[in-house]
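Numbering (our numbering), first residue to last: 3 to 474.
Following: one structure in structure tokens, then a few remarks.
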Ligand SMILES: [Zn+2]
């Protein structure tokens, strides 16, 4: 009961609290050995291809994402019907985490796992210039779907809001075990709302029962191309995707105005589930010192929680792969608190790249022209570490007023300029020092004709342009 009240208070206050301890617990099923055996063969083929091509480079993918926000009539901004800015910030988190530049990655200890890497004779691909186990760049990006499966423009990119009362669905918060919630989503909500799983990563977000300490689950990438064959936990055309508790979505660092539940305040629930979605296992492999089939993640006796300190539990597992540098609690596939996690490894990257290349529900994911620009990256595809972590206008199309919103983590001088379709500058909305945080600037286009317009945000380091449409 106390816990329920805490959650209620948290929801009503819309702020972050440190007294709440939901903890990231994941409901993704443990894969069958047959699935792992098939995966191992495909990984061997992938590595052989890399050796043949003489390159360790990974293919770049960009995955369109649709968030199905399942609520029971709450207004936008009221839990669990969270604001678009909170959802957008999840895309930024995914992009930075999968690029190896996620929140707190600079805190990786200077001597992390060096001795263990030597003992294991890890290859150069798995190590960085200091000899540590490397924080990998997976080369997989995520973007907000701009269009639905019929090609219609979404009023809120990447978001479909569904009032469960209009669908005759039960409220997900009545299910009191992870298995029951998963069964309900897989059997009812997902099949009735999924968008083409060959084109989109579907993410459902909703309330859950307060007594259940878990925040996410995912389907695994199916590996068989035979129709009708799907093992435990593998996604199908009607179930594929991720579920997350609404208040575990997004980053309070990027969008402080959202609804978050500590310690899930940096969007790592969905980073973790996206790891499963692309074929990763928990680093402790759901047993004591079992293998996650990645040679560059040290064995772990069990899952870790909270904010561990390096080195954590050296020698916790027996030979042959005992780790003198302890367990990799900072890996996204552990259960440590969101801010304590900031890495995938090279072997984990190989698994995810292999899934993207081979799984029948992953190998056709690409933007297909379905996406707006990728948040967290500049126009050249480089990573934006500090600026414009959130940027969009709403509504779009609009008439005659739209609001352009962006988020910056430090005070910086910013210009916001409007151009018409032939590139003529028609208005300067901002040209000044802006405080750190979230900003929302209105543009009233009453005096302009219908058509395509562009807005451009300029700082000393970055310039980003976006398109918008005025329809009168
Ligand atoms: Zn998990």
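In this text, a Cβ means the ideal position worked out from N, Cα and C, and glycines have one as well.
Item to check | Start-to-end residues for the beta strand (DSSP E) that takes in residue 66 | outcome: Position 64 of the chain shown, counted from the first residue, corresponds to residue 66. Looking at the DSSP string, the run of the beta strand (DSSP E) that includes residue 66 is 63-73.
Next on the checklist: Using only CA atoms, which one of 108, 198, 199 and 174 lies nearest to residue 190?
Outcome noted: If you number the chain shown from 1, residue 190 lands on position 188. Nearest to residue 190 by alpha-carbon distance, out of 108, 198, 199 and 174, is 174.
Next on the checklist: I need the straight-line Cα distance from residue 133 to residue 268, nearest angstrom please.
Outcome noted: Locating residue 133 in the chain shown gives position 131, counting from the first residue. Locating residue 268 in the chain shown gives position 266, counting from the first residue. In a straight line, the C-alpha of residue 133 is about 28 Å away from that of residue 268.
Checklist entry - Which residues are close to ligand 1, meaning CB closer than 7 Å to any heavy atom, in chain order? => result Answer in sequence order: 28, 30, 274, 275, 278, 284 and 335.
Checklist entry - So what's residue 282 in DSSP terms, helix, strand or just coil? => result On the chain shown, position 280 is the one that residue 282 refers to. Reduced to three states, the DSSP call for residue 282 is coil.
Checklist entry - Below 8 Å between beta carbons: does that hold for residue 112 and residue 348? => result Locating residue 112 in the chain shown gives position 110, where the first residue counts as 1. Locating residue 348 in the chain shown gives position 346, where the first residue counts as 1. Residue 112 places its beta carbon 8 Å or farther from that of residue 348.
Checklist entry - Which residues mark the beginning and the end of the alpha helix (DSSP H) in which residue 183 is found? => result Mapped onto the chain shown, residue 183 falls at position 181. For residue 183, the uninterrupted alpha helix (DSSP H) segment begins and ends at 180-186.
Item to check | contact_flag[the segment 361-372, the segment 49-60] where n(CB pairs < 8 Å) is 3 or more | outcome: Taking 8 Å as the limit for Cβ pairs, the verdict is that the segment 49-60 does not touch the segment 361-372.
Next on the checklist: Suppose you measure from the CA of residue 136 to the CA of residue 444; what does that come to, to the nearest Å?
Outcome noted: One-based indexing of the chain shown puts residue 136 at position 134. One-based indexing of the chain shown puts residue 444 at position 442. Spanning the two alpha carbons is a distance of roughly 44 Å.
Checklist entry - Do you know offhand how far residue 202's Cα is from residue 299's? => result Position 200 of the chain shown, counting from 1, holds the residue named residue 202. Position 297 of the chain shown, counting from 1, holds the residue named residue 299. Straight-line Cα distance between these residues: approximately 30 Å.
Next on the checklist: Please state whether the Cβ-Cβ distance between residue 455 and residue 401 is less than 8 Å.
Outcome noted: To locate residue 455, count along the chain shown from 1; it is residue 453. To locate residue 401, count along the chain shown from 1; it is residue 399. Contact: no.
Next on the checklist: Using only the alpha-carbon positions, how far apart do residue 24 and residue 240 sit?
Outcome noted: Here residue 24 refers to the residue found at position 22 when the chain shown is read from its first residue. Here residue 240 refers to the residue found at position 238 when the chain shown is read from its first residue. Since pLDDT at residue 24 reaches only 37, below the 50 mark, its modelled position is unreliable, and the value read off the structure follows with that caveat. Distance between the alpha carbons of residue 24 and residue 240: 29 Å.
Checklist entry - Should residue 5 be labelled buried (16 or more other beta-carbon atoms within 10 Å of its own) or exposed? => result Taking the chain shown and counting its residues from 1, the one referred to as residue 5 is at position 3. Low local confidence applies: a pLDDT of 41 at residue 5 is under 50, so the model's placement there is unreliable, and no value is given.
Item to check | Rounded straight-line distance, which links the Cα of residue 465 to that of residue 380 | outcome: What you label residue 380 is simply residue 378 of the chain shown in a count that begins at 1. What you label residue 465 is simply residue 463 of the chain shown in a count that begins at 1. Its pLDDT being 40, under 50, residue 380 is placed unreliably by the model, and nothing is read from it.
Checklist entry - Which residue or residues does DSSP assign as beta-bridge partners of residue 206? => result What you label residue 206 is simply residue 204 of the chain shown in a count that begins at 1. Bridge partners of residue 206 according to DSSP: 70 and 245.
Checklist entry - Do you know how far the Cα of residue 84 is from the Cα of residue 303? => result Translated into the one-based positions of the chain shown, residue 303 becomes position 301. Translated into the one-based positions of the chain shown, residue 84 becomes position 82. Between the alpha carbons of residue 303 and residue 84 lies a gap of roughly 37 Å.
Item to check | Alpha carbon of residue 7 to alpha carbon of residue 407, nearest angstrom | outcome: By 1-based counting over the chain shown, the position of residue 7 is 5. By 1-based counting over the chain shown, the position of residue 407 is 405. The predicted model places residue 7 with a pLDDT of 39, which falls under 50 and marks its position as unreliable; any figure quoted below should be read in that light. Approximately 33 Å between the Cα atoms of the pair.
Next on the checklist: Can you tell me whether residue 383 is buried or exposed? The criterion is at least 16 other CB atoms within 10 Å of its CB, across all chains shown.
Outcome noted: Translated into positions along the chain shown, residue 383 becomes position 381. Residue confidence for residue 383 is low, a pLDDT of 41 falling below 50, so the modelled location carries little weight and cannot support an answer.
Checklist entry - Cα separation between residue 156 and residue 87? => result For the purposes of this step, residue 156 is taken as residue 154 along the chain shown, with counting starting at 1. For the purposes of this step, residue 87 is taken as residue 85 along the chain shown, with counting starting at 1. C-alpha separation (whole angstroms): 15 Å.
Item to check | Helix, strand or coil at residue 95 [DSSP, three-state] | outcome: Position 93 of the chain shown holds residue 95. The answer is helix: DSSP assigns residue 95 an H, G or I state.
Checklist entry - Between residue 331 and the rest of its own chain, which residues show a CB-CB distance below 7 Å, the 5 nearest in sequence each way excluded? => result Along the chain shown, read from residue 1 onward, the residue named residue 331 stands at position 329. Closer than 7 Å at Cβ, skipping near neighbours: 306, 310, 314, 338 and 342.
Checklist entry - Between the beta-carbon of residue 243 and the beta-carbon of residue 199, is there less than 8 Å? => result Looking up residue 243 in the chain shown gives position 241. Looking up residue 199 in the chain shown gives position 197. Going by C-beta atoms, residue 243 is nearer than 8 Å to residue 199.
Next on the checklist: Taking 8 Å as the threshold (C-beta atoms), are residue 340 and residue 283 in contact?
Outcome noted: For the purposes of this step, residue 283 is taken as residue 281 along the chain shown, with counting starting at 1. For the purposes of this step, residue 340 is taken as residue 338 along the chain shown, with counting starting at 1. For residue 283 and residue 340, no; Cβs fall outside 8 Å.
Next on the checklist: Once DSSP output is grouped into helix, strand and coil, what is the label at residue 89?
Outcome noted: Within the chain shown, numbered from 1, the residue matching residue 89 stands at position 87. Helix, per DSSP.
Next on the checklist: Ignoring anything shorter than 4 residues, give me the alpha helix (DSSP H) runs that lie fully in the segment 104-147, in order along the chain.
Outcome noted: Runs of the alpha helix (DSSP H) inside the segment 104-147: 116-121.
Checklist entry - If we ignore side chains and look at the alpha-carbon of each, how far apart do residue 468 and residue 82 end up? => result As a position in the chain shown, residue 468 is number 466, starting the count at 1. As a position in the chain shown, residue 82 is number 80, starting the count at 1. Rounded to whole angstroms, the separation of the alpha carbons of residue 82 and residue 468 is 29 Å.
Next on the checklist: By the three-class DSSP mapping on this structure, what secondary structure does residue 195 have?
Outcome noted: Translated into the one-based positions of the chain shown, residue 195 becomes position 193. Residue state, collapsed to three classes: helix.
Next on the checklist: Going residue by residue through the segment 311-361, where are the continuous alpha helix (DSSP H) segments of at least 4 residues, counting only ones entirely within it?
Outcome noted: Scanning the segment 311-361 for uninterrupted alpha helix (DSSP H) segments of 4 residues or longer gives 348-360, listed from N- to C-terminal end.
Next on the checklist: Quick check on the burial criterion: 16 or more other C-beta atoms within 10 angstroms. Buried or exposed for residue 3?
Outcome noted: Against the chain shown, residue 3 aligns to sequence position 1. Confidence at residue 3 is low in this model, with a pLDDT of 37, below 50, so its placement is unreliable and the value that follows should be read with caution. Exposed is the call here.
Checklist entry - Does the beta-carbon of residue 237 have 16 or more other beta-carbons within 10 angstroms, so that it is buried, or is it exposed? => result Within the chain shown, the letter at position 235 stands for residue 237. Its Cβ being crowded by 16 or more others within 10 Å, residue 237 is buried.
Next on the checklist: With distance defined between alpha-carbon atoms, name the residue in 288, 57 and 46 nearest to residue 127.
Outcome noted: On the chain shown, residue 127 is found 125 positions in, with the first residue counted as 1. For residue 127, the closest of 288, 57 and 46 by C-alpha to C-alpha distance is 57.
Item to check | CA-to-CA distance, residue 371 to residue 378, given in whole angstroms | outcome: Position 376 of the chain shown, counted from the first residue, corresponds to residue 378. Position 369 of the chain shown, counted from the first residue, corresponds to residue 371. Note that residue 378 scores 49 on pLDDT, short of 50, meaning its location in the model is unreliable and no value can be drawn from it.
Checklist entry - Could you give the distance in angstroms between the alpha-carbon of residue 205 and the alpha-carbon of residue 453? => result As a working note, residue 205 is residue 203 in the chain shown. As a working note, residue 453 is residue 451 in the chain shown. In this structure, the straight-line span from the alpha carbon of residue 205 to that of residue 453 is close to 33 Å.
Next on the checklist: Are there any heavy atoms of ligand 2 lying less than 7 Å away from the beta-carbon of residue 455, as far as the coordinates show?
Outcome noted: The model depicted lacks ligand 2 and carries ligand 1 instead.
Checklist entry - Are there 16 or more other CB atoms within 10 angstroms of the CB of residue 266, so buried, or fewer, so exposed? => result Here residue 266 corresponds to residue number 264 of the chain shown, with the count starting at 1. When all chains shown are included, residue 266 counts as buried.
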